[in-house]
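Novice: Protein chains in written order, with UniProt numbering: chain A, 1 to 375; chain B, 1 to 395. All residues carry an ideal CB built from backbone N, CA and C; glycine is no exception.
Structure (structure tokens):
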């Protein structure tokens, strides 16, 4: 398969670009922030995502979705990134769907996701740095399980209808075996959410599970075998976050280049200065390479390839580095105005930092690569 | 089975049978590479010649060229499969040549039928080795500032002037050369000529580099007579040919950022020199971190190369994208060799010892410093990206 978008994917990209730019441009984020919106995103917009069919993009046609792949999900995510649109799309339609896709849980949740009724949150991290070490415990209790522990950096965790939780049913924190993945409904007793406002104005919750009782049918996949759906979830989430970062970094680069063409100093457009041209060209090169890495990861994931895991780490690390560069250079090249709240470029910097951290930063993924290569 | 699957199976079988064991070993130095040509010496390794001939017989030294010019006539998909299958068994390139990577594509686009038939099959069979006469002492990165002149003398051009940084001019049989045929227009007064390096009036002098090698030469032309039929494209329109060819050169040089076939010399070398600790990690944590972050970028660039080739074949690549590939690939390659030196420590510094394989690591490290200068400096590539892709204004 050639490494560029085919005609259908390009058409979808055009549709997504128009839709997101029209319904959720940066000023949508501004207005949610300025009104201290307690949800962090718009439920109405989520409904519109459903009307476009986007919510079920990875859900099989037989379940009412579009039955498309990670490339198509990425196309939508890139536009979400370009417009900094607050949306539960990544957590719900990409990460959660990837975990639920091959489980008995699909019948219970897919309809709501497709229709835009259901929002999902992903509760994996237990520390400020992402890692797959899971200490939270799930003990057998009656017909089901009793969950005890805490999770953090759970985007939309305070309002989600469904929370995917990785907990330990056997073994100790760093073991890969003995993890079980649960689908916990939001109204579960003894579950409390403490939403925190992040640097990019989004909301992510600290969740406390103080003996939360769930039925046995809340288990996604098999007991003790949660690392399988968890891997699918993380691969989809990381790749999706990478695609969203392409939009953030690309959007910042576009803004910056436009500014270089318009702003005059010393009697000339600043974009004619070689020092700035070289910085902008370097950003372009890094973003292009990141784009290729993301497409490679998406293709390998869609093909179910053994090489997907490495490609996903490469994509996540590369987009984190390239996008960080793009937003930093963007603020620098905008000069003082780039530091003002009124101007959008700073919003890109904040979003990039959050996405870089989500599901593991560049260092985490470089480390994964090194381990896989045996050094 | 689809026809491509059949092609893959047949290709795999043929390569298994026909690629000699010594041609599956990693290339260790410049002298290990087969460049072909009238003066090629195969006494050291007759396998080189055998392998090149066997591949040329099938047109596989230039798999995507038309068969009438010595190519394999393969489709882009088949060419990709052939390369994948060669990589799979770590097969070397049967033939390395500026004829294949640079002149050939330019002749296919701009050459007359007679020129194609005369030169392309000899390139494909490795009979004629070409060099490139572009750079001049006073032009540097301002390539179009060249002064070497070609006067119209009725049935021939009379060429006078000097070129510099002519790679392997002392070993090449023919040269493709940019000459000035009109002094009144800078870019519009350049023509593209081909001629035999054995012509009277051609002389070369190797330039010793910091790596101790001398792949480059100064090349002098003193009243060299070049038949008119050797003009490629139109008179005074050689700049178009030159630019087209430069795109291919940049594409070729950008390949340096990619890992060589098989193994990973950086990681393997670092493990061998520094060792692993009890948890299986490189014993030097900072070197490990640097290598890991480098490998992330190298793998991403590998995906970029795949994307670039795919887009190029589909006509979707921006015409200035080779500049990005050249810039990124060569900067990456410099970083790789810097890390290889860091991993090797003082052993890698030994210039002529057995321990250092004749200073191979140090010489390769020094050589890579030229990657971001030759074929258009990194700064020139960034200028091109800024102006042609980002469309930033000129001063």
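(1) Strictly below 7 Å CB to CB, what residues from chain A border residue 301/B?
(2) For the structure I just gave you, are there three or more beta carbon pairs, one from the region 289-301 of chain B and one from the region 4-12 of chain B, closer than 8 Å?
(3) Report the CB separation of residue 295/A from residue 3/A in whole angstroms; it is logged as a contact under 8 Å.
(4) Which residues in chain A sit within 7 Å of residue 310/B, going by Cβ to Cβ distance?
(5) Reducing DSSP to helix, strand and coil, say where residue 11/B ends up.
(6) Rank 143/B, 165/B, 330/B and 18/B by C-alpha distance to the C-alpha of residue 52/B and give the top, closest one.
(7) Whose C-beta lies closer than 6 Å to the C-beta of residue 259/B among residues of the same chain, with five residues either side of it excluded?
(8) For residue 49/B, which of helix, strand or coil comes out of DSSP?
(9) Could you compute how far the alpha carbon of residue 385/B sits from the alpha carbon of residue 282/A?
(10) Is it the case that the Cβ atoms of residue 266/B and residue 274/B are separated by a distance below 7 Å?
(11) Determine, using beta carbons only, whether residue 170/A and residue 215/A come nearer to each other than 7 Å.
(12) Do the CB positions of residue 84/A and residue 359/A come within less than 7 Å of each other?
(13) Under 8 Å Cβ to Cβ from residue 324/B, same chain only, skipping five residues before and after it: list those, please.
(14) Residue 221/A CB to nearest chain B CB: under 7 Å?
(15) Where residue 9/A and residue 343/A are concerned, what is the direct C-alpha to C-alpha distance, given to the nearest angstrom?
(16) Looking only at C-alpha atoms, which of 97/B, 160/B, 195/B and 184/B sits nearest to residue 176/B?
(17) Name the chain A residues whose beta carbon is nearer than 7 Å to that of residue 326/B?
(18) Measure the CB-CB distance between residue 162/B and residue 268/A and report whether it falls below 7 Å.
(19) Which residues in chain B have a C-beta closer than 7 Å to the C-beta of residue 271/A? List them in chain order.
(20) Kindly identify the DSSP beta-bridge partner or partners of residue 139/A.
(21) Output needed in chain order: residues of the region 294-312 of chain A with a Cβ under 7 Å from some Cβ in chain B.
(22) If the cut is a Cβ gap below 9 Å, which residues of chain A does residue 5/B touch?
(23) Roughly how many angstroms lie between the CA atoms of residue 261/B and residue 292/B, to the nearest whole one?
(24) Identify whether residue 261/B lies in helix, strand or coil by the three-state DSSP scheme.
(25) Provide the residue span of the alpha helix (DSSP H) that contains residue 319/A, from first to last.
(26) The alpha helix (DSSP H) that contains residue 240/A, what's its start and end?
(27) Kindly indicate if chain B contains any beta-carbon less than 7 Å away from that of residue 12/A.
(28) Can you pull the chain A neighbours of residue 383/B, defined as C-beta to C-beta under 9 Å?
(29) Hey, does residue 274/B have any beta-carbon neighbour from chain A nearer than 7 Å?
(30) Look at the alpha carbon of residue 100/A and the alpha carbon of residue 162/A, and state the distance between them as a whole number of angstroms.
(31) Please state whether DSSP places residue 104/A in a helix, a strand or coil.
(32) Just to confirm, are residue 187/A and residue 110/A a CB contact at a threshold of 7 Å?
(33) Mind pulling the beta strand (DSSP E) runs of 3 or more residues that sit fully within the region 165-198 of chain B?
(34) Applying the 10 Å Cβ sphere with the 16-neighbour rule, what's the burial state of residue 375/A?
(35) Any chance the region 351-371 of chain B sits against the region 330-338 of chain B, with 3 or more Cβ pairs inside 8 Å?
(36) Which runs of the alpha helix (DSSP H), 4 residues or longer, sit entirely within the region 262-340 of chain B?
Specialist: Looking at the coordinates:
(1) In the second chain, the residue the question calls residue 301/B occupies position 301. Within chain A, the residues near residue 301/B are 289.
(2) no
(3) Translated into positions along the first chain, residue 295/A becomes position 295. Translated into positions along the first chain, residue 3/A becomes position 3. Confirmed, about 6 Å.
(4) The residue labelled residue 310/B in the question sits at position 310 within the second chain. Result: 2, 3 and 4.
(5) Indexing the second chain from 1 puts residue 11/B at position 11. Three-state result, residue 11/B: helix.
(6) Position 52 of the second chain, counted from the first residue, corresponds to residue 52/B. For the residues 143/B, 165/B, 330/B and 18/B, the minimum Cα distance to residue 52/B belongs to 18/B.
(7) Counting from 1 along the second chain, the entry for residue 259/B is found at position 259. Unreliable placement is indicated for residue 259/B, whose pLDDT of 48 sits below 50; no coordinate value is reported for it.
(8) The sequence position of residue 49/B within the second chain is 49, counting from 1. It is helical.
(9) As a first step, residue 385/B is located in the second chain; it is residue number 385 there, counting from the start. As a first step, residue 282/A is located in the first chain; it is residue number 282 there, counting from the start. So the two alpha carbons sit approximately 9 Å from each other.
(10) Counting from 1 along the second chain, the entry for residue 266/B is found at position 266. Counting from 1 along the second chain, the entry for residue 274/B is found at position 274. Going by C-beta atoms, residue 266/B is not nearer than 7 Å to residue 274/B.
(11) Locating residue 170/A in the first chain gives position 170, counting from the first residue. Locating residue 215/A in the first chain gives position 215, counting from the first residue. No.
(12) As a first step, residue 84/A is located in the first chain; it is residue number 84 there, counting from the start. As a first step, residue 359/A is located in the first chain; it is residue number 359 there, counting from the start. Result no, Cβ atoms of residue 84/A and residue 359/A do not sit closer than 7 Å.
(13) Position 324 of the second chain, counted from the start, is the residue given in the question as residue 324/B. Excluding residues within five positions, the ones whose Cβ falls inside 8 Å are 381, 385 and 389.
(14) As a first step, residue 221/A is located in the first chain; it is residue number 221 there, counting from the start. No, because no Cβ of chain B sits closer than 7 Å to the Cβ of residue 221/A.
(15) Your numbering for residue 9/A matches position 9 in the first chain. Your numbering for residue 343/A matches position 343 in the first chain. Cα to Cα, residue 9/A sits roughly 32 Å from residue 343/A.
(16) Position 176 of the second chain, counted from the first residue, corresponds to residue 176/B. Ranking 97/B, 160/B, 195/B and 184/B by Cα distance to residue 176/B puts 195/B first.
(17) Here residue 326/B refers to the residue found at position 326 when the second chain is read from its first residue. Going along chain A, no residue has its Cβ under 7 Å from residue 326/B, so there is no contact; the nearest lies around 10 Å.
(18) Counted from its first residue, the second chain places residue 162/B at position 162. Counted from its first residue, the first chain places residue 268/A at position 268. For residue 162/B and residue 268/A, no; Cβs fall outside 7 Å.
(19) On the first chain, position 271 is the one that residue 271/A refers to. Within chain B, the residues near residue 271/A are 392 and 393.
(20) Mapped onto the first chain, residue 139/A falls at position 139. Looking at the DSSP assignment, residue 139/A forms a beta bridge with 146/A.
(21) 295 and 296
(22) Position 5 of the second chain holds residue 5/B. Neighbours of residue 5/B on chain A: none; closest Cβ ~15 Å, over 9 Å.
(23) Stepping through the second chain from its first residue, residue 261/B is reached at position 261. Stepping through the second chain from its first residue, residue 292/B is reached at position 292. Reliability fails at residue 261/B, whose pLDDT of 48 lies under 50, so the model's placement of it is uncertain and the value that follows must be treated cautiously. Between residue 261/B and residue 292/B, the C-alpha separation is close to 19 Å.
(24) Taking the first residue of the second chain as 1, we reach residue 261/B at position 261. Because the pLDDT of residue 261/B is 48, which lies under 50, any placement of that residue in the model is unreliable, and the number read from its coordinates should be weighed accordingly. Looking at residue 261/B - three-state DSSP - the assignment turns out to be coil, as it is neither helix nor strand.
(25) As a working mapping, residue 319/A is identified with position 319 in the first chain. Per DSSP, residue 319/A belongs to the alpha helix (DSSP H) from 308-334.
(26) Locating residue 240/A in the first chain gives position 240, where the first residue counts as 1. It spans 227-262 - the alpha helix (DSSP H) in which residue 240/A sits, taken as one unbroken run.
(27) Walking along the first chain from the start, residue 12/A turns up at place 12. No, residue 12/A does not count as interfacial toward chain B.
(28) Position 383 of the second chain, counted from the first residue, corresponds to residue 383/B. Residues of chain A passing the Cβ test: 274, 277, 278 and 281.
(29) Here the question's residue 274/B lines up with position 274 in the second chain. Not an interface residue.
(30) Counted from its first residue, the first chain places residue 100/A at position 100. Counted from its first residue, the first chain places residue 162/A at position 162. Their backbone Cα atoms lie some 11 Å apart in a straight line.
(31) Residue mapping note: residue 104/A aligns to position 104 of the first chain, counting from 1. Three-state result, residue 104/A: coil.
(32) What you label residue 187/A is simply residue 187 of the first chain in a count that begins at 1. What you label residue 110/A is simply residue 110 of the first chain in a count that begins at 1. Against a cut-off of 7 Å, the Cβ pair of residue 110/A and residue 187/A comes out as no contact.
(33) 174-180 and 190-196
(34) Along the first chain, one-based indexing puts residue 375/A at 375. Residue 375/A comes out buried.
(35) yes
(36) 265-274 and 285-313
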